[in-house]
Amino acid sequence: MKNKNLFAMDILTVAEINAILFDAHLFSTIYKDWQFPDNRRVANLFFEPSTRTQYSFESAQHQLNCKVTTFNAETSSVQKGETLYDTVKTFEAIGMEALVIRHPQNEYFQELEGKITIPILNGGDGSGNHPTQCLLDLMTIKEEFGQFEGLKVAIVGDIKHSRVASSNLTALEKLGVTTYVSGPKEWSKDLVNYRPLDEIIEEIDVLMLLRIQHERHEDTMQMSKKQYLTAYGLTHERMGKMKPTAIVMHPAPFNRGVEIDGELVEHPQSRIFKQMENGVHVRKAVLKRAFGYEFPDTESVND
Amino acid sequence: MKNKNLFAMDILTVAEINAILFDAHLFSTIYKDWQFPDNRRVANLFFEPSTRTQYSFESAQHQLNCKVTTFNAETSSVQKGETLYDTVKTFEAIGMEALVIRHPQNEYFQELEGKITIPILNGGDGSGNHPTQCLLDLMTIKEEFGQFEGLKVAIVGDIKHSRVASSNLTALEKLGVTTYVSGPKEWSKDLVNYRPLDEIIEEIDVLMLLRIQHERHEDTMQMSKKQYLTAYGLTHERMGKMKPTAIVMHPAPFNRGVEIDGELVEHPQSRIFKQMENGVHVRKAVLKRAFGYEFPDTESVND
Amino acid sequence: MKNKNLFAMDILTVAEINAILFDAHLFSTIYKDWQFPDNRRVANLFFEPSTRTQYSFESAQHQLNCKVTTFNAETSSVQKGETLYDTVKTFEAIGMEALVIRHPQNEYFQELEGKITIPILNGGDGSGNHPTQCLLDLMTIKEEFGQFEGLKVAIVGDIKHSRVASSNLTALEKLGVTTYVSGPKEWSKDLVNYRPLDEIIEEIDVLMLLRIQHERHEDTMQMSKKQYLTAYGLTHERMGKMKPTAIVMHPAPFNRGVEIDGELVEHPQSRIFKQMENGVHVRKAVLKRAFGYEFPDTESVND
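Taken in sequence, the protein lines are chains A, B and C. Heads up, the first sequence is in our numbering, so the first residue is 6 and it goes up one at a time. Heads up, the second sequence is in our numbering, so the first residue is 6 and it goes up one at a time. Heads up, the third sequence is in our numbering, so the first residue is 6 and it goes up one at a time.
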């Protein structure tokens with residue numbers, strides 16, 4: 006049997022990525038209302054705060070007619086010092102059929118792999134992986150340009166601490182995209198592909214802004230919000246230099262006036278809220294994959 | 006298309022109020038088990054603690070066969086400084102079809118109006134509006150007396166800080182009710198219609214007690230609980246002076262022994278728990294209105 | 006009408022216990038997928054943190070096709086000083102059809118009995134009762150041995166503060182089991198049936214380990230985790246002395262390396278995760294009992 010877990014992008018083949026993106030596309034078009042034939046019980050275990058990921062998964066689950074259990078780490082036995090493995094094993098024992106997990110520990114799933122029989126979907130681990138965020142970014146790019154080959158994508162911001170950046174860089178390169186990183190130099194991993202934003206702003210197809218994670222490194226950043234915006238953020242001026250076909254992305258939550266001028270969040274070339282929409286389609290696709298369901302063939306749908 | 010939002014009582018016409026109350030009445034009688042023909046996804050965004058409003062909406066949503074998402078502001082990206090607009094827009098983007106919002110900021114909905122396409126139902130804003138509380142109060146009064154015209158209603162307590170009081174005063178006057186305010190003078194807005202409780206206790210039809218909101222003004226109140234009860238609360242003595250047809254109401258949570266003698270909470274003339282029941286009917290009615298559903302006509306129901 | 010509440014084991018007759026266990030057995034075998042014919046609205050009111058009990062009840066409710074409301078005491082009006090009775094009465098008023106309650110106060114249900122008309126299932130009260138935990142323990146024992154009569158069960162740990170221990174001792178004795186208590190002497194209630202573990206380890210059929218509740222009495226325990234394990238816990242050495250047919254149980258969450266050597270949690274003779282599975286079957290059985298539903302007869306099932 007195939008492994009139906011989704012831990013990280015780097016263990017997916019290009020074919021697997023494309024299969025997920027294709028299913029997500031079908032969910033966004035002809036299978037908008039398609040549901041799992043059975044009520045499946047899914048638990049969302051969030052050991053870190055989240056809005057988009059948690060509620061996007063929940064919306065996907067509701068749309069697929071799952072029974073959704075939300076585990077709140079703050080009001081649970083985790084306070085009593087239970088290990089992650091024991092908590093996860095508990096949710097399997099009480100009849101959950103799939104789990105979505107976000108956890109602050111990098112690669113938390115290593116200690117679970119092979120020991121839990123129900124599928125686990127990674128909703129973000131520490132500063133490591135965030136595969137569904139990556140997949141929704143890929144879907145948004147593919148929707149826009151039809152293909153990946155030959156595109157130029159710049160990721161700007163805290164590359165070092167961002168699970169979004171590392172998932173995306175891995176995947177985009179695998180798919181034939183030319184990637185640049187930009188933003189404060191001390192935040193890029195090793196300056197590989199580093200380019201000042203103003204040198205590339207006119208030629209890139211996709212500008213992916215990352216959130217300034219104040220909570221992860223308040224000290225290292227010694228500039229005001231305004232200074233960050235001017236030096237590395239999306240200003241009206243830079244927006245004006247971008248190709249008319251180019252798009253702006255951000256995993257959100259965004260800081261208006263820091264990574265992006267607040268007035269540009271809903272600019273016609275911004276896909277920020279479109280990304281959130283696509284997040285639901287992508288999560289429906291990985292849930293479908295986890296349970297091994299197939300769409301009915303189109304013929305019978307049209308009957 | 007009609008606006009299906011519900012922000013405040015003062016933007017509803019008398020005809021609209023009566024239409025909602027009539028639907029609520031039908032939900033409490035012949036359409037008890039009627040459900041939406043589709044599963045609609047509704048999110049409850051509570052940025053302030055609540056029991057009655059949140060769970061009453063949730064019960065209404067479950068009874069109507071909605072898929073319910075509960076947003077817990079404490080464990081979310083709101084902690085990361087996201088604006089209300091961005092949070093609300095996110096819930097729209099991920100596929101929610103209606104939102105119930107409670108927020109501490111007065112008239113928070115002003116910044117959302119016209120920018121969000123899904124209906125928003127106000128579950129309470131700051132010390133401003135609380136329209137579903139008002140509607141359930143109206144329903145309780147109408148159930149009891151059959152009409153509003155000519156009734157005398159006294160609202161007692163912290164008029165100035167109460168969203169219940171201001172919503173109710175606006176609506177009751179619109180409906181032809183004579184209203185009085187009572188309680189500590191420094192808490193009434195401007196002493197308009199102020200009357201000492203003992204002067205009017207024998208002639209009023211409805212005594213609406215308000216909760217002493219200790220958390221909003223601990224300093225200004227310099228009397229013990231017992232002293233408040235004696236001076237402004239519902240004691241056995243005052244109960245005895247009320248007309249036998251008069252009723253007692255309270256939006257709850259109530260403080261036993263402060264606004265009301267604990268023994269009178271379930272007095273035959275008290276409608277406090279009846280109000281909570283009616284809250285579910287009223288919330289079903291405003292959800293029906295938000296989605297624009299119609300009841301099947303009675304004939305086909307009887308078939 | 007029969008009382009459908011479930012407050013404590015000691016008010017159940019042996020016949021009632023056996024009826025619940027039999028239903029739970031049917032839920033674990035031929036009625037795995039059986040659901041209530043109607044969507045029933047159930048609220049879980051947890052005034053204390055819990056993982057297993059809360060989510061196990063929720064899983065049971067989802068499997069039975071209930072509409073589940075989760076009440077989070079931390080973000081509610083309880084903060085405003087509402088009494089338990091008023092909170093519970095509120096949930097009844099807004100249309101809940103059954104309640105599961107966990108509360109830190111011993112026998113909190115005394116103040117509710119006879120005043121609330123919907124069934125209440127006790128999810129644990131203070132250091133008193135925890136009937137569904139007891140029932141799942143009984144189910145696990147009965148599954149293993151087919152009967153209770155003649156078995157020897159040792160309960161080891163903090164007998165005095167454990168709601169599990171007191172519920173279990175009452176029930177096991179009623180069912181004809183010989184019970185021993187062990188662990189630190191100062192934690193046993195009155196030394197009735199107290200036996201050092203090493204004296205009985207070879208003859209017992211069931212070893213029920215209890216969690217060391219650090220949060221309840223940090224001071225009284227003046228030994229390291231390692232010392233506790235060596236003196237009173239399940240070590241490899243003690244495991245080796247147990248009868249090959251004997252089983253190990255723990256209500257969880259367990260402390261690896263304190264009550265039990267971490268490597269023994271999933272030993273072939275351990276039933277710890279099996280207990281969690283049985284918890285769902287037992288909770289389905291008590292929910293079925295609360296609503297008075299009957300299984301369809303097997304014949305019509307087989308049709």
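The beta-carbon is built from N, C-alpha and C at its ideal position, and this holds for glycine as well.
For VAL73 of chain B: DSSP bridge partner residues | B:VAL47
Does the beta-carbon distance from ALA176 of chain B to ILE22 of chain B come in below 8 Å?
-> yes
Is the region 146-164 of chain A in contact with the region 65-74 of chain A, if contact means three or more CB pairs nearer than 8 Å?
-> no
Do three or more CB pairs link the region 238-246 of chain A to the region 37-50 of chain A at distances below 8 Å?
-> no
Cβ of GLY238 of chain B within 8 Å of any chain C Cβ | no
Specify the secondary structure class of ASN127 of chain C as computed by DSSP and reduced to three states.
-> strand
Take ASN111 of chain C and list the residues in its own chain whose beta-carbon comes closer than 7 Å to its own, dropping the five residues that flank it on each side.
-> ASP130, GLY131, SER132, GLY133
So the beta strand (DSSP E) SER193 of chain B belongs to, where does it begin and stop?
-> Here SER193 of chain B belongs to no beta strand (DSSP E), and DSSP marks it neither H nor E.
Have a look at ALA290 of chain A and GLU299 of chain A and give me their C-alpha separation to the nearest angstrom.
-> 10 Å
LYS9 of chain A: first and last residue of the uninterrupted alpha helix (DSSP H) it sits in | Unbroken run through LYS9 of chain A: none, as it is neither H nor E.
Could you tell me whether the Cβ of ARG46 of chain A comes closer than 8 Å to any Cβ of chain C?
-> yes
When we look at the beta-carbon of PRO312 of chain C and count the other beta-carbons within 10 Å, is it buried (16 or more) or exposed?
-> Outside the shown range of chain C (6 to 308) lies residue 312 of chain C, about which nothing can therefore be said.
Looking only at its own chain, which residues have a Cβ that is under 8 Å from the Cβ of LYS230 of chain C, when we skip the five neighbours before and after it?
-> ASN260, GLY262, VAL263
Any heavy atom of the ligand GDP closer than 7 Å to the Cβ of ILE252 of chain B?
-> No copy of the ligand GDP occurs in the structure displayed, which carries no ligand at all.
Have a look at the DSSP bridge pairing and note the partners of HIS108 of chain B.
-> B:ASP130
So, does the CB of ARG261 of chain C fall closer than 8 Å to a CB anywhere in chain A?
-> yes
Does the separation of the CB atoms of ARG276 of chain C and THR95 of chain A fall below 8 Å?
-> no
Starting from the Cα of LEU180 of chain C, find the closest Cα among C:GLY188, C:ASP195, C:GLY151 and give me that residue.
-> C:GLY151
Rounded C-alpha distance that separates THR75 of chain C from VAL253 of chain B | 30 Å
Any idea what DSSP makes of VAL306 of chain B, helix, strand or coil?
-> Confidence in VAL306 of chain B is poor, its pLDDT being 46 and thus under 50, which makes the residue's placement unreliable; the coordinate value appears in the next sentence. In this structure, VAL306 of chain B counts as helix in the three-state DSSP scheme.
Kindly indicate which three-state DSSP category VAL211 of chain A falls into: helix, strand or coil?
-> strand
If you draw a straight line from the alpha carbon of PRO256 of chain B to that of LEU174 of chain B, how long is it in whole angstroms?
-> 14 Å
Reduced DSSP secondary structure (H/G/I, E/B, other) of SER275 of chain A | strand
Could you name the residues of chain C that GLU204 of chain B contacts, counting a contact when the two beta carbons are closer than 8 Å?
-> What GLU204 of chain B touches in chain C: nothing, since even the nearest Cβ is about 31 Å away.
Contacts that GLY100 of chain C makes with chain B (C-beta to C-beta distance below 7 Å) | SER64, GLN68, VAL285
Tell me which same chain residues have a C-beta within less than 7 Å of the C-beta of LYS293 of chain B, skipping the five on either side of it?
-> ASP28
State the DSSP-derived secondary structure class of ARG243 of chain C, mapped to helix, strand or coil.
-> helix
CB of ALA159 of chain B within 8 Å of CB of ILE209 of chain B, strictly | yes
For MET228 of chain C, the first and last residue of its enclosing beta strand (DSSP E) = Run containing MET228 of chain C: none; DSSP gives neither H nor E here.
Beta-carbon separation (whole angstroms), ILE99 of chain C vs ILE125 of chain C, contact threshold 8 Å | With 8 Å as the limit, ILE99 of chain C and ILE125 of chain C do not qualify as a contact, their Cβ atoms being about 16 Å apart.
Between the Cα of GLN218 of chain C and the Cα atoms of C:GLY162, C:SER193, C:ASN49, which residue gives the shortest distance?
-> C:GLY162
For PHE278 of chain C and ARG45 of chain C, believed in contact at Cβ under 8 Å, the rounded distance = Not confirmed; about 28 Å, so no contact.
Strand pairing of ARG261 of chain C, partner residues [DSSP] | C:ILE265
C-alpha distance - PRO301 of chain C paired with LYS9 of chain C, whole-angstrom precision = 20 Å
Grouping DSSP H, G and I as helix and E and B as strand, with all else coil, what is MET101 of chain A?
-> coil
Report the rounded CA-to-CA distance for ASP15 of chain C versus LEU117 of chain C, giving the unit in angstroms.
-> 18 Å
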